[in-house]
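Working notes for the structure below.
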Amino acid sequence: MLDTFLSYVVWDPNQAVFSGFERLRWYSLLFALGFIISQQFMVYFFRKEGQNEQLVDKLTIYMVLATIIGARLGHVLFYEPDKYLSNPIEILKVWEGGLASHGAAIAILFALWLYSKRTPGQSYLWVVDRIVIVTAMTGALIRFGNLMNSEIGGKDTGTDYGFVYARDAEEILESLKVPILSIDAYKPEDRAAELTGNGIVPVNFEIIVEKGNYTLETLEEILAQDIKYALTRFNSSKEYLAEPVETPLDFSIQEQSNQYLVTVKTFGRTKYPTQIYESISYFLIFLILLGIWVKYKSRIPEGLLLGLFLISVFGMRFFWEYFKAVQVDFESEMQFNMGQILSVPLVIIGVFLIIRAWKNGLKPEKS
């Protein structure tokens, strides 16, 4: 029974941090939190190494602009150029999603070059070596934000272990003609016998409908058609759910005082929670880079931390891409997806930087 309970997770978090305050979303909060925490780390780095702490505000502006602009343009140019270049105004709609970490990485490296050119006493590699420490931490938070958004998920696991992303299906069901009070997807423990080990697992949707003028018979007739359509005809439903179109909809309705409780029995597809894999990887990289800085500080040869960052972050990115679902259709025909192709040159640059730093060796301790 315990093994069955732990086997898969039906994932349907509310993207809003607070119920009733939909504008504040987990992704936005975690994105902003990454920069706020990073700024405090950078103040600490500057203070410990005798740099002007007030320059961190200037550096933060460069970082924020580079991250947002670079991540957006990276997605536009690397993943969907035809869509956005044919209608450039769509590029500005960042809130609709579409950010690429490779674009952000390139833009940050360029922005920090501009910063160092305008900041006497701080070399380019010295600045970047400190920035990559907090960038790894911010990346971990952003990937957790992707999890809360139920986006950038993985491929089918093919087993009864994984995440079933149900949020998209819930949003589709919210558009039903009947007045919906709430929708909740969950793992039904009483259907454990239906697990077959092939990655198609039981999922229930509990829908509370306002009674209004609906009779039980009328509501049953409406839902039998509309829910079936919602769970089988939309692309997101087909991606995350596994209810055969020809199978009659399995649902029941309980009449309550002023509402109906509708329970829909269907099936979901277990996916790799790649957002968690990446988030943990980036956080561990953050701890390793921070540990190196704590031990050696200003003795670190320039470029070493940047090289370690590029190899570890984009090396892990290359690996985890094998478990991710394709982000755009053209990737399905590629041996290596766009994320992997863009990671290779960054890893190579990282190798070059580590060799260079290794030859230079640790700087002498300041007397």
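Following our numbering, the numbering of the sequence shown begins with 663 at its first residue and continues without gaps.
Every residue gets a Cβ at the ideal spot worked out from N, C-alpha and C, and that includes glycine.
- Using a 10 angstroms sphere on the CB of Met996, the tally of other CB atoms stays under 16, which defines it as exposed.
- Beta-bridge analysis with DSSP links Lys986 to Gly816.
- In terms of Cα proximity to Ile862, the closest of Gln887, Lys873, Leu835 and Ala904 is Ala904.
- Apart from the 5 residues on each side of it in sequence, Phe976 sits with its Cβ closer than 7 Å to the Cβ of Ser1005, Leu1008 and Val1009 in its chain, given in chain order.
- Distance from the Cα of Leu843 is smallest, within the candidate group Glu868, Ala855, Phe825 and Thr821, for Glu868.
- Around the beta-carbon of Arg687, 16 or more other beta-carbon atoms lie within 10 Å, marking it buried.
- When the alpha-carbon of Val988 is set against those of Arg979, Trp982, Phe981 and Asn999, the nearest one is in Asn999.
- Gln701: member of the alpha helix (DSSP H) spanning Trp688 to Lys710, first to last residue.
- Counting only the Cα atoms, Ile870 lies some 12 Å from Glu832.
- Nearest in C-alpha terms to Met725, of all of Ser748, Tyr741 and Tyr777, is Tyr777.
- Spanning the alpha carbons of Gly807 and Tyr741 requires a straight line of approximately 21 Å.
- Within the model, the alpha-carbon separation for Thr936 versus Phe985 is close to 7 Å.
- With a 10 Å radius around the Cβ and a threshold of 16 neighbouring Cβ atoms, Lys933 comes out buried.
- Take the alpha-carbon of Tyr689 and the one of Gln677: they are about 8 Å apart.
- Unbroken beta strand (DSSP E) stretches of 3 residues or longer found wholly inside the segment 747 to 795: none.
- Boundaries of the beta strand (DSSP E) around Ser844: Ile842 to Tyr848.
- Taking Gln887 as reference, the option from Ala855, Lys839 and Arg792 with the minimal CA-CA separation is Lys839.
- One Cα belongs to Gly965, the other to Phe929, and the distance between them is close to 50 Å.
- The continuous alpha helix (DSSP H) containing Pro1007 extends over residues Met1000 to Asn1022.
- In this structure, the beta-carbon distance from Val926 to Ile973 does not fall below 8 Å.
- The beta carbon of Glu715 sits closer than 7 Å to the beta carbons of Val705, Phe708 and Arg709 from its chain, once the five residues preceding and following it are set aside; these are given in chain order.
- Look at Lys839 here: in three-state DSSP terms it is coil, with no helix or strand label.
- By the C-beta density criterion, Asn920 is exposed, having fewer than 16 other C-beta atoms within 10 angstroms.
- The continuous stretches of beta strand (DSSP E) do not include Phe945, which lies in the alpha helix (DSSP H) extending over residues Thr936 to Tyr958.
- Note that the C-beta distance between Lys1025 and Arg961 is below 8 Å.
- A residue is called buried when at least 16 other Cβ atoms come within 10 angstroms of its Cβ; Leu1015 meets this threshold and is buried.
- Residue nearest to Phe980 within the set Phe948, Ile699, Leu949 and Ser943 is Ser943 (criterion: CA-CA distance).
- If the five residues before and after Ile1011 are omitted, its C-beta is found closer than 7 Å to the C-beta atoms of Leu972, all from its own chain and listed in chain order.
- With at least 16 other beta carbons inside 10 angstroms of its own, Thr729 counts as buried.
- Leu692 and Leu761 do not touch by the CB rule: their CB atoms are close to 13 Å apart, not below 8 Å.
- Taking Ala766 as the centre and dropping the five residues before and after it, the same chain places the C-beta of Thr729, Gly732 and Ala733 closer than 6 Å to its C-beta, in chain order.
- Excluding sequence positions up to five before and after Glu711, its CB lies within less than 7 Å of the CB of Lys959 and Ser960, all in the same chain and listed in chain order.
- Distance from the CA of Arg829 to the CA of Gln1002, rounded to the nearest whole angstrom, comes to 28 Å.
- The beta carbon of Thr821 sits closer than 6 Å to those of Gly861, all from its chain and outside the five residues before and after it, given in chain order.
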